[in-house]
Structures are given as structure tokens and as C-alpha cells.
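S.K.:
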Amino acid sequence: MIFRQLFDSTSSTYTYLMASRHGGEALIIDPVLERVDRYVQLLRELDLRLVKAIDTHLHADHITGLEALSERTRCMTVMGEQSKAEVVSMRVSDGDRVEIEGLSLEAVYTPGHTDDSYSFIMPDRVFTGDTLLIRGTGRTDFQNGDPRAQYESLFGRLLKLPDETLVYPAHDYKGDTVSTIGEEKAFNPRLQVKSVEEYVDLMNHLNLPNPKMMDVAVPANMRIGMARDIAIKRGWTLTPEEAKAVVGAPGVALIDLREDQERRKDGIIPGSLHVPYPDVEQSLKADGLLHTLAKTAGKQLVFYCTFGQRSAMAVQAAQVEGLENTRHIQGGIRAWQHANGPLVR
Ligand code: FE
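Every position in the sequence shown, counted from 1, becomes a number in this note's numbering once 14 is added.
1. To the nearest angstrom, report how far apart R242 and L252 are at their CA atoms.
2. List the DSSP bridge partners of P183.
3. Would you call the region 155-169 and the region 103-113 in contact, with 3 or more CB pairs under 8 Å?
4. Between H73 and the ligand FE, is the CB less than 7 Å from at least one heavy atom?
5. Can you tell me whether G189 sits near the ligand FE, meaning its C-beta is under 7 Å from at least one heavy atom of the ligand?
6. Just how far apart, CA to CA, sit G262 and I283?
7. Within the chosen definition, does the region 122-133 reach the region 56-64 through at least 3 CB pairs nearer than 8 Å?
8. Please report the straight-line C-alpha distance between S209 and L303, rounded to a whole angstrom.
9. Would you give the residue range spanned by the alpha helix (DSSP H) that K258 belongs to?
10. Apply the 10 Å Cβ neighbour rule to L31 and answer buried if 16 or more other Cβ atoms are within range, or exposed otherwise.
11. Measuring only the C-alpha atoms, how far is Q275 from A259?
12. For V101 and R248, I'd like the C-alpha separation in whole angstroms.
13. Who are E39's beta bridge partners in DSSP?
14. Hey, is G126 close to the ligand FE, as in C-beta under 7 Å from one of its heavy atoms?
15. Flag D144 as yes when its Cβ comes closer than 7 Å to any non-hydrogen atom of the ligand FE, and as no otherwise.
16. Could you check where the alpha helix (DSSP H) with Y132 kicks off and where it finishes?
17. Across the region 65-81 and the region 297-317, are there enough close Cβ pairs to call them in contact, namely three or more that are closer than 8 Å?
18. Please go through the same chain and pick out, in chain order, the residues whose beta-carbon is closer than 6 Å to the beta-carbon of A163, but skip the five residues on each side of it.
19. Confirm the yes/no value for this check: CB of G152, any heavy atom of the ligand FE, distance under 7 Å.
20. Whose C-beta lies closer than 6 Å to the C-beta of T87 among residues of the same chain, with five residues either side of it excluded?
21. Enumerate in chain order the residues of its own chain whose CB-to-CB distance from H288 is below 7 Å, with the five nearest sequence positions on each side excluded.
22. Please name the residue, chosen from F21, E212 and M15, that lies closest to V50 on a Cα-to-Cα basis.
23. For L220, count neighbouring Cβ atoms within 10 angstroms of its own Cβ and tell me buried if that reaches 16, exposed if not.
24. Quick one: what does DSSP say M11 is sitting in, helix, strand or coil?
25. Going by Cα to Cα distance, which pick from R58, L60 and I42 is closest to L80?
26. Give me whichever residues DSSP pairs with G94 in a beta bridge.
27. Any idea if Q19 is buried or exposed, counting beta-carbon neighbours within 10 angstroms, 16 or more meaning buried?
28. Less than 8 Å between the C-beta atoms of L222 and R153, yes or no?
29. What's the call for G322, buried or exposed, on a 16-neighbour Cβ count within 10 Å?
30. Taking just the CA atoms, how far does T194 sit from P161?
31. What is the rounded straight-line gap between the Cα of L180 and the Cα of V192?
32. Could you give the distance in angstroms between the alpha-carbon of E212 and the alpha-carbon of I68?
33. Between which residues of its own chain and D98 is the CB-CB distance below 8 Å, once the five residues before and five after are set aside?
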């Protein structure tokens, strides 16, 4: 496995870049906007293709690199379903898996620091976001933080992982880089409490100043989602009502960009082809299936996904390949459900 721990010294944030092999797919956790050039350069140097960028929660101390990375690499953006970020391309819930070629992470809902905090588990390690830090835990005094929920996330979930599990947090302010669950159980001062009440009391009396960036970062991080805005401006969108009228039309190929897990959850628009989003760019190139459908068979391509973010990026990619007769369903399956569009399971 290729594994890089990158550091933003301004916000003391750790960002993790992972892939199973050179030349393959990569994912990144908690990227920082100011460091995006560095990530893109490193991806190029390691010959990796970024397909997913994850934020463990809505950050208050730095602006996320999710949107910039998505613009530069057309990667998917991933957050928890509880997140107030307006547009992310895939939302996970507790127990879902985030997968790329050769790697699979289990999403675990660990609220407390914020109400949208997730941890991501691999067989030998866990990315704990700001839920569990090295010899600390994330503050719980803003963004719907809740010390009681955090106690449960820690004692009920994370600390039940095997002692040797490596702990990779989203921040460290003292220079530590990695710990283990066993070590934190034994030496983390916040975890030496005897009851949930004692923990709540401890967390409610930390008296910390607000993060410097908070007033800038929180609103900015809620507004990610440029591709969708561009697609609307250029007229590349179909409303669900417009899309209903073209379902089953002979001149239209409906393309489902979602992953199997999402297709099982929400169902499929009848008659659609399945091209998972990470494969779409290849398929739009000359010789690719979608290119042939559009150019040789003369079909209009209509993309859809869960929220209309991946599909907006797919339309952009199609335009780059000269496939102009391409649209996407605005708002994705969520808007389609709202409009009572037909779905099969
Ligand atoms: Fe945080």
C-alpha cells in the first residue's frame, strides 16, 4: 500500500493519501485548500489517479481542499449524510464502505466533536478525524458538538477496536503522528474517566478560544460544489420533470454513475446503463463505450448520480471530449424521488 501522511502547519491538520499501487486509484482524507498544489504534484509523481476525497467532518479551522481537488482531478467528494456541506458527490452513513481499487474503508458514525463526524476503519488502522486525537479528544463546544455523543463514539465504538489498531487523527498540535487504540486507552488523559458524567463535565470546562479561522472556514466549507453551478449556467441540466419525458426515448442513453451500494439503497431508473463514476472519463474517450454511443449511435447521454454532483462533473468531462449532446439530471436520484420518477430495485 502507498500511504502518505501530509501536514498543514497553519492548522496542524494531517491529510492522508492512499492507494494500493502505483498507476492505480487513490483516495485522500481531510485535504486542506492551501495544500492542493502539493497533493496534485504528489499524485503526479506517484502516478496515481485521485478518485475520492473524503472529509471526516465539516472543519472549522481550515478551508477544505475537497472542491479544488474535485475541480482539478474530477474526483468524487465524500462526507457523512449528516453533513451540512451543500454539495458533496457521495454521502455515507454508518456501516457504508468507501472503496477504491484495492482498498476499502468502513465508515463509522462517531458524532460528538460535530454532529457530522465520521471515522474510517481499515483492517490495521483507523482515521479518527477529531473524535480521538493522540492523548486528546476533539472539542465539543460548537457545531452541534455533544460530549455525551462523543463519549459513546469513543467508548462504544472506537475503543472497542483491537488494541494494536493504529490511530491516525486529523490534527496534532504537539508533533505526534500516530498512536494505537491500546496506547490511547492507557495514556489518553481524557479517557481516564469513570463515567459519562465525568467526561461531560471535563469537556464542558475546557474554556477554549474559538479557532481563528472559524468564521471563514465554516461557511466556506458548507458551500462546496462548483461543478453543479457551472452545469446549470451552461444549460447542461435536465430537471427531473424534463428527464421523466426522455426516459425510454430511443435517442437517449441514461447513464447511472453510482456505486453498487447506492444503487441497492435507492433503486435504479428503468433502462439505465451502469458506468461507475471512476470509469466515466475513460469511457468518454474515443473507443470508449460512451463515446461510441454518443458519436456512432448518435444518442444523447443523460447522466445521473445521487445528488447531481458526479453527473455534473461527467457532463463537463463529456464536453471536453467534444460530446456536446450530453445532459445530467439536476439534483440526482434525490430530486428524482421527490418528483416521483419511476425506480426499479
Ligand atoms: Fe474539527
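A virtual CB, placed ideally from N, CA and C, is assigned to each residue, including glycine.
M.R.: Reading it off the structure:
1. Approximately 12 Å, taken between the alpha carbons.
2. The partner list for P183 (beta bridge, DSSP) reads G143.
3. Counting Cβ pairs under 8 Å, fewer than three are found: no touch.
4. Yes, the Cβ of H73 comes within 7 Å of a heavy atom of the ligand FE.
5. No, the Cβ of G189 stays beyond 7 Å of every heavy atom of the ligand FE.
6. G262 and I283 have their alpha carbons spaced roughly 10 Å apart.
7. Segments in contact, no.
8. Between S209 and L303, the alpha-carbon positions lie close to 59 Å from each other.
9. Counting along the chain, the alpha helix (DSSP H) containing K258 begins and ends at P254 to V260.
10. So L31 ends up on the buried side.
11. Computed Cα separation, rounded: 27 Å.
12. Rounded to whole angstroms, V101 to R248 spans 18 Å at the Cα level.
13. DSSP, once it has assigned bridges, lists R63 as partnering E39.
14. Because no heavy atom of the ligand FE lies under 7 Å away, the Cβ of G126 does not count as near it: no.
15. Because some heavy atom of the ligand FE lies under 7 Å away, the Cβ of D144 counts as near it: yes.
16. In the DSSP assignment, Y132 falls outside any alpha helix (DSSP H) and lies within the beta strand (DSSP E) extending over Y132 to I135.
17. Flag = no, the region 65-81 and the region 297-317 do not touch.
18. Spatial neighbours of A163 in its own chain (CB-CB distance under 6 Å, excluding positions within 5 residues in sequence) are listed in chain order as P125 and G126.
19. Residue side-chain check: G152 places its Cβ nearer than 7 Å to a non-hydrogen atom of the ligand FE.
20. Residues L64 of the same chain have their beta carbon placed closer than 6 Å to that of T87, with the five preceding and five following residues left out of the count.
21. Beyond the five residues adjoining it in sequence on each side, H288 comes within less than 7 Å, by CB distance, of D270 in the same chain, given in chain order.
22. Considering only F21, E212 and M15, the residue with the shortest C-alpha distance to V50 is F21.
23. Answer is exposed; the Cβ neighbour count stays below 16.
24. As shown, the chain starts at 15 and ends at 359. That puts residue 11 outside it, with no answer to give.
25. When the alpha-carbon of L80 is set against those of R58, L60 and I42, the nearest one is in I42.
26. DSSP output for G94 lists V106 as bridge partner(s).
27. With fewer than 16 other Cβ atoms within 10 Å, it is exposed.
28. For L222 and R153, yes; Cβs fall inside 8 Å.
29. Buried: at least 16 other Cβ atoms inside 10 Å.
30. C-alpha of P161 to C-alpha of T194: approximately 22 Å in a straight line.
31. CA-to-CA, the gap between L180 and V192 works out to about 7 Å.
32. As the crow flies, the alpha-carbon of E212 is around 33 Å from that of I68.
33. First, the residue type needs correcting, since residue 98 is Lys and not Asp in the sequence shown. Taking C-beta separations shorter than 8 Å and ignoring five residues to either side along the sequence, the partners of K98 in its chain run L72, D130 and M236, following chain order.
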